[in-house]
Amino acid sequence: MKLKNLLKSLTLFAVLFSVSSCDTNTTRIGVLKFVNVPPLNDAYNGFVSVLEESDLKYKIDLKDANAEGALVSSSALTLVGESDLVLGIATPAASGLLAAREIKAKQIPILFTAVTDPVYSGLMDDKDHPDNLITGTSDMNPVREQIELFTKLGLNIKKIGMIYSSNETNSIIQKDLALAAANEFDLDFTFKTFSETSEISAVMDQLIEDGIEGLYTPTDSTLVSAYSAVYEKTKVARIPIIGGEEGMLDQGAVATLSINYFRLGQLTGEMAIDIINGKDISEMPVRYLDETPLILHLEHAEEIGLVFPTELLQEAETILGAEA
Numbered sequence: 002m003k004l005k006n007l008l009k010s011l012t013l014f015a016v017l018f019s020v021s022s023c024d025t026n027t028t029r030i031g032v033l034k035f036v037n038v039p040p041l042n043d044a045y046n047g048f049v050s051v052l053e054e055s056d057l058k059y060k061i062d063l064k065d066a067n068a069e070g071a072l073v074s075s076s077a078l079t080l081v082g083e084s085d086l087v088l089g090i091a092t093p094a095a096s097g098l099l100a101a102r103e104i105k106a107k108q109i110p111i112l113f114t115a116v117t118d119p120v121y122s123g124l125m126d127d128k129d130h131p132d133n134l135i136t137g138t139s140d141m142n143p144v145r146e147q148i149e150l151f152t153k154l155g156l157n158i159k160k161i162g163m164i165y166s167s168n169e170t171n172s173i174i175q176k177d178l179a180l181a182a183a184n185e186f187d188l189d190f191t192f193k194t195f196s197e198t199s200e201i202s203a204v205m206d207q208l209i210e211d212g213i214e215g216l217y218t219p220t221d222s223t224l225v226s227a228y229s230a231v232y233e234k235t236k237v238a239r240i241p242i243i244g245g246e247e248g249m250l251d252q253g254a255v256a257t258l259s260i261n262y263f264r265l266g267q268l269t270g271e272m273a274i275d276i277i278n279g280k281d282i283s284e285m286p287v288r289y290l291d292e293t294p295l296i297l298h299l300e301h302a303e304e305i306g307l308v309f310p311t312e313l314l315q316e317a318e319t320i321l322g323a324e325a
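Sequential numbering of the sequence shown, starting at 2, is according to the working numbering.
Structure follows, in structure tokens:
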């Protein structure tokens, strides 16, 4: 046991020395983004903004997997092989990097961002005490409070639905939380999944036929990449969408309580700088954002005949879609 712990300590020292010794050279940072959607783009931009303000010499190699599993795997192998530090943006990207590191047998630090639950997703065993050269930031959203918004719209909603990708573990977590919240607020809850974005339109038809009066869309990167297919259906059926994050309000949702993905990326950038400067990853717990302000979209509400109650308007920190 003592020998095992000694070897682990020596390995960690070698990794930290390798990364931190780059301060006289250029640190190669590989970034794998699961798909090109606004929240993940914001997280990346926030990450880069912090590095740009630092004194570090670095070079970023960004690869976009376009939500394709094969591309995640191949891109991850390339980045792990050619980088000193890698970042996975969204759960599938982080998982791909972790798998690639095992294949390459290369001890390289992995950061992640926009990951809902890194333990549930198999990225790590302990969010507070990382032990496998991997840590990062979580975009866990306030699912309970988001579901509660359906009871505050003044529509006497009784049945809500949820749609999500069966390929994203983070969405399964949110489904379980949404179900618990729906039970708490006496709302009937039904959900449907899809494996390909081409299935979204038909899945939405099924939810509407089931009689949903409101729709919840989680922070699901695959879903966001084809969100217009969701909105086209709910707009015709005059069904309000509560989104899992702010970017969904630009695509049809009427309300959310949302973290800021740019700020989440900034937190991740701060962690990257700490790692490059030699900080022990095992002393860097997963970080979260606590601020989740209420955001409403007047125009999208008006399109489905929804008038927000005065109390909700007063509670909102940001109101979008309002006339100047």
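Beta carbons: idealized from backbone N, C-alpha and C, even for Gly.
Nearest to residue i (by Cα), restricted to the options the options
i    : options                : result
M285 : A302, E292, D275, V204 : D275
A323 : L268, L250, L258       : L250
I148 : N133, K236, A179, N168 : A179
N168 : S84, G89, S222         : S222
A181 : P143, G248, I158, A94  : P143
E185 : L150, G266, K34, V116  : L150
L295 : N37, L265, A254, T269  : A254
I135 : M272, L321, K193       : M272
S199 : T220, F192, D187, A227 : A227
Y289 : N133, T92, V116        : V116
S74  : K34, D43, N42          : K34
A100 : L124, E83, S84, A91    : L124
M163 : K236, K234, F192       : F192
R102 : D126, N133, Y121       : N133
T194 : D187, A183, Q207       : Q207
E146 : E54, D129, S259        : S259
L188 : G212, V204, G279       : G212
H301 : T319, R239, G279, E318 : R239
Cβ pair residue i, residue j closer than 7 Å
i    : j    : result
D66  : L72  : Per the sequence presented here, residue 66 reads as Ala, with Asp not at that position. Yes; because the gap between Cβ atoms is below 7 Å, this pair is in contact.
K153 : L307 : no
G137 : T114 : yes
P131 : I282 : yes
L224 : S166 : yes
A230 : I277 : no
I30  : L86  : yes
I209 : F190 : no
V36  : A68  : yes
T257 : G244 : yes
H298 : L265 : no
E246 : P40  : yes
S172 : P219 : yes
E83  : I158 : no
P310 : G89  : no
V49  : S139 : no
L63  : V32  : yes
K234 : E304 : no
S122 : T79  : no
Cβ neighbour criterion (16 or more within 10 Å) applied to residue i
i    : result
Q175 : buried
G70  : exposed
Y341 : What the structure shows of the chain is the stretch from 2 to 325, and residue 341 is not part of that stretch, so it cannot be assessed.
Q267 : buried
Q315 : exposed
A94  : buried
Y45  : buried
Y262 : buried
L4   : Note that L4 has pLDDT 37, beneath the 50 cutoff, so the model's placement of it is unreliable and the number below is only indicative. L4 should be labelled exposed.
V81  : buried
G270 : buried
D177 : exposed
S1   : Lying outside 2 to 325, the shown extent of the chain, residue 1 is not represented and no answer is given.
Q252 : buried
D127 : exposed
V38  : buried
A183 : buried
D43  : buried
E318 : exposed
T1   : Because the chain in this structure spans residues 2 to 325, residue 1 falls outside the shown range and cannot be described.
G346 : Because the chain spans 2 through 325 in this model, residue 346 falls outside it and cannot be assessed.
Cross-strand partners of residue i (DSSP beta bridge)
i    : result
H298 : L321
G215 : I161
I242 : L216
G137 : F113
S166 : F195
F190 : I161
V87  : G31, I111
Y59  : T28
T257 : I296
Any chain D beta carbon closer than 7 Å to residue i
i   : result
N67 : The chain labelled as chain D is not found in the depicted structure, where only one protein chain is given.
Whether or not the region 94-109 and the region 46-60 are in contact is what I'm after, with contact meaning three or more pairs of Cβ atoms, one per stretch, closer than 8 Å; do they touch? no
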